[in-house]
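The structure appears right after this line, and notes come after that.
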Amino acid sequence: MPVEGAGRLDVASLFGRDGELWMEIGFGGGEHLAAQAERNPQVNFIGCEPFVNGMASMLGHVEEKKLTNVRLLMDDARLLLDKLPDASLDRLFVLFPDPWPKERQKKRRIISPATLDRMARVMKPGARLRMATDIADYARWMLMYTLDHPAFEWQARCAVDFNVPPADWVTTRYETKTRGEGRKPVFLEFVRK
Ligand SMILES: C[S@@+](CC[C@H](N)C(=O)[O-])C[C@H]1O[C@@H](n2cnc3c(N)ncnc32)[C@H](O)[C@@H]1O
Numbered sequence: 004m005p006v007e008g009a010g011r012l013d014v015a016s017l018f019g020r021d022g023e024l025w026m027e028i029g030f031g032g033g034e035h036l037a038a039q040a041e042r043n044p045q046v047n048f049i050g051c052e053p054f055v056n057g058m059a060s061m062l063g064h065v066e067e068k069k070l071t072n073v074r075l076l077m078d079d080a081r082l083l084l085d086k087l088p089d090a091s092l093d094r095l096f097v098l099f100p101d102p103w104p105k106e107r108q109k110k111r112r113i114i115s116p117a118t119l120d121r122m123a124r125v126m127k128p129g130a131r132l133r134m135a136t137d138i139a140d141y142a143r144w145m146l147m148y149t150l151d152h153p154a155f156e157w158q159a160r161c162a163v164d165f166n167v168p169p170a171d172w173v174t175t176r177y178e179t180k181t182r183g184e185g186r187k188p189v190f191l192e193f194v195r196k
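Start counting the sequence shown at 4; every next residue gets the next number (the working numbering).
Now the structure itself:
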């Protein structure tokens with residue numbers, strides 16, 4: 004999917020149809036993106052993943068499942084966020100982003116005030132942002148910045164809402180591995196106000 008040049012992307016022409024638009028940032032091996040695209044054929048999906056092995060794996064899923072509702076960018080998701088029209092996204096997934104655990108690395112985390120501003124611009128009112136992490140410090144970080152952002156409202160009412168996977172959850176190899184190592188994921192659902 005090309006993102007060069009000035010101006011915003013024409014999303015409908017990218018898919019040859021109108022429809023809801025869902026996006027996944029850092030889809031890794033693509034298990035989640037492919038499963039959601041297969042379950043929701045009426046929805047248009049865009050996914051970003053800079054890692055070539057992840058892209059190759061996702062293309063395998065696209066071919067195997069014969070998905071026609073997915074467009075992919077092998078690059079930094081922030082480039083694509085800046086090319087999307089205002090209020091064009093219905094759902095956004097950021098699942099187990101790279102944790103950058105050391106203090107001096109934390110500025111590289113994809114969840115930051117600047118990225119949340121970019122997300123807020125492109126999400127429709129009522130659009131949902133789903134984040135997950137297996138790193139307690141990153142969960143606190145996600146909560147701190149997203150709760151502090153005026154555009155987002157946390158949906159959790161009790162602990163089950165962030166300790167238990169949501170109904171349409173898809174387990175990836177990454178999640179299986181991290182659970183095997185004894186880490187417990189946290190699931191954070193926000194709505195764009
Ligand atoms: C820990 S993996 C998780 C993969 C997948 N979400 C899952 O749950 O299995 C994090 C992924 O985010 C990707 N990533 C890192 N920075 C990114 C960025 N700026 N834009 C898009 N993807 C990014 C990495 O290449 C990696 O595949």
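Cβ atoms here follow ideal geometry from the backbone N, Cα and C, with glycine treated the same way.
Computed from a predicted model, the values in this text were never measured in an experiment.
Closest to residue i by C-alpha separation, out of the options, would be which residue?
i: G3; options: K109, L95 and K110; result: No answer is possible for residue 3: it lies beyond the span of the chain, which begins at 4 and ends at 196.
i: S115; options: D78, L150, R160 and P88; result: L150
i: Y141; options: L191, G183, T174 and D120; result: L191
i: G50; options: M77, D164 and W172; result: M77
i: N56; options: G183, G29 and N43; result: G29
i: S91; options: A162, C161 and W25; result: W25
i: K196; options: D13, W157 and D164; result: W157
i: D171; options: A117, P102 and H35; result: H35
i: H64; options: L84, D89 and G31; result: G31
i: V14; options: D79, A38 and P88; result: P88
i: D164; options: M58, V189 and K110; result: V189
i: A135; options: I113, D120, A117 and F54; result: I113
i: R42; options: F18, L12, V73 and C161; result: V73
i: T71; options: P169, A37, R111 and R11; result: A37
i: W144; options: V167, E178 and P102; result: P102
i: Y148; options: C161, G10, T175 and D120; result: D120
i: Y177; options: G33, E66 and G19; result: G33
i: F18; options: A9, E27 and V46; result: V46
i: P44; options: E7, C161, R20 and S60; result: R20
Would you list the residues sitting across from residue i in a DSSP beta bridge?
i: M134; result: V97 and L191
i: M126; result: L92
i: F165; result: Answer by DSSP bridge pairing: none, since F165 is not bridged.
i: L24; result: N47
i: F155; result: R195
Near residue i, which residues of its chain fall below 8 Å by C-beta distance, leaving aside the five closest residues on each side in sequence?
i: R186; result: D137 and I138
i: D79; result: C51 and P53
i: T118; result: R81 and L84
Please report the residue range of the beta strand (DSSP E) in which residue i lies.
i: L76; result: V73 to L76
Spatial neighbours of residue i within its chain, please: CB distance less than 6 Å, with the 5 preceding and 5 following residues excluded, ordered by chain position.
i: R133; result: F96 and E192
i: T181; result: D137
i: M126; result: L92 and R195
i: P5; result: none
i: M58; result: E52 and M77
Can you tell me where the alpha helix (DSSP H) holding residue i begins and where it ends?
i: M147; result: A139 to D151
i: E41; result: E34 to R42
i: G31; result: Neither: G31 is in no alpha helix (DSSP H) and is coded neither H nor E.
i: F18; result: V14 to F18
i: R107; result: Element bounds for R107: n/a, residue is neither H nor E.
i: G185; result: Counting along the chain, G185 falls outside any alpha helix (DSSP H), and DSSP gives it neither H nor E.
i: A59; result: V55 to K68
i: R81; result: A80 to L84
Among the residues of its own chain, which have a CB less than 7 Å from the CB of residue i, if the five just before and after it don't count?
i: A154; result: A123, R195 and K196
i: A40; result: F48, L70, N72 and V73
i: R11; result: K86, L87 and P88
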